[in-house]
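Engineer: The structure follows.
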Amino acid sequence: MRRTLSTIAARFKKYAIFLLILPILTGVLAFFATDEGDGSPSGRSSYFAKVTIDLGEFNDPQFNEANNVKNLISSTAFLQKLPDNQSNTLMEIEDIQLSLDIENVYDEQVIIKLIGSEEERTLATLEGIVDHFIERSDARYDEWTGLINQSIEDLEETEVAAEEAATRQELLFNLRENLFFTKQAEVIEPVTLVTEGGGRSDGQPANPFTNVIFGLIIGFMLSLFLVLLPEVFRD
537 MRRTLSTIAA RFKKYAIFLL ILPILTGVLA FFATDEGDGS PSGRSSYFAK VTIDLGEFND
597 PQFNEANNVK NLISSTAFLQ KLPDNQSNTL MEIEDIQLSL DIENVYDEQV IIKLIGSEEE
657 RTLATLEGIV DHFIERSDAR YDEWTGLINQ SIEDLEETEV AAEEAATRQE LLFNLRENLF
717 FTKQAEVIEP VTLVTEGGGR SDGQPANPFT NVIFGLIIGF MLSLFLVLLP EVFRD
C-alpha cells in the first residue's frame, strides 16, 4: 500500500503541470460552450418566434377564414404597412416573406411563425405583424357591428302595419342573434421566442459560472483518473 502511494505521488509530481492545467482547460471549454449555447450572435444564427391568433367572426372572409388570412399577412401590400417600432428596426419585407410560416390549427385559428437572424428584431417584426392584423381586423369588426346596430335601430324606429309586425320582429331577432355571435380576433398565445427543441425561451442565457465550475470538476476528475489508472492495471 505504501509503495502504491509513493508511486502515485511520484507520478503526480512528474505530470503536475499537465494535471493542473487540465481542469483549467476543461473550465475554459465549458465557458465557451455556454457562450455558444445562449442567445448571443456567436452561438445562434437564427431565432424562431411564434404567436397564436383566434380569428374573429363578423362576416368578412378576408379576416375570418384561415386560408385568406395566410394570403393577407404574407402579401407585400400588408407588410408594407407594418407600424414602425421605436426600439427595433423591423426585418425587410423580402426576408419576412421567405421566413414567414402560417398554419391553421382550426378554421378559425392560425399560428404565425417567423425566423430571423436577430432576436429583438425577429420579435419586434412578428409583434408588428400581429398588431397590424388585429388593428385591421378590429376595424372591420367595428364596421360590421356598427352596421348591424344601425339596422336594429332603424327597424325599431320604423312604424309598420300590424300584419308586418311579425316580420319586423323576426328581422330584429335575426340581427340581434347575428350580433350576439360576432367576435373580435384575439391573441390567445402571445408572441414568444421558441427554442430549437420547441419549448419557450425565457430570454435568460445560461449561467457561465455554473458551467465553469462543472468544467473544473470534470477536469479534476480526469486528472485523478489519469493518476490512478496505471495502478488499476498494475494490480
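In this note's numbering, the protein residues as written are 537 to 771.
Every residue, glycine too, gets a C-beta built ideally from N, C-alpha and C.
As the structure is a computational prediction, the values presented were derived from the model and not from experiment.
1) Just confirm the distance between the C-beta atoms of I638 and S610, as a whole number of angstroms; I'd bet it's less than 8 angstroms.
2) Report yes if the CB atom of I589 is closer than 8 angstroms to the CB atom of V646, and no otherwise.
3) Within 10 Å of its beta-carbon, does G755 have 16 or more other beta-carbons around it, so buried, or fewer, so exposed?
4) Per DSSP, V696 is paired with what?
5) Where does E639 sit, in a helix, a strand or coil, going by DSSP?
6) Alpha carbons only, please: which of D678, E699 and L711 is nearest the one belonging to L691?
7) Let me know the secondary structure DSSP gives K617 once reduced to three states.
8) Quickly, what does DSSP pair D590 with across the bridge? List them, please.
9) With a 10 Å radius around its C-beta and 16 neighbouring C-beta atoms as the bar for buried, classify G664 as buried or exposed.
10) Can you find the residues in the same chain that come closer than 7 angstroms, C-beta to C-beta, to L772, ignoring five residues on each side of it along the sequence?
11) My guess is that E601 and F717 are in contact by the Cβ rule of under 8 angstroms, so how many angstroms apart are they, rounded?
Structural biologist: Let's see:
1) 7 angstroms
2) yes
3) buried
4) Note: V696 sits in no beta bridge, so no partner.
5) strand
6) Cα-wise, what sits closest to L691 is L711.
7) coil
8) Q645 and E722
9) Under this definition G664 is a buried residue.
10) The shown model of the chain, from 537 to 771, leaves out residue 772, and the question about it has no answer.
11) The Cβ separation is near 16 angstroms, so there is no contact.
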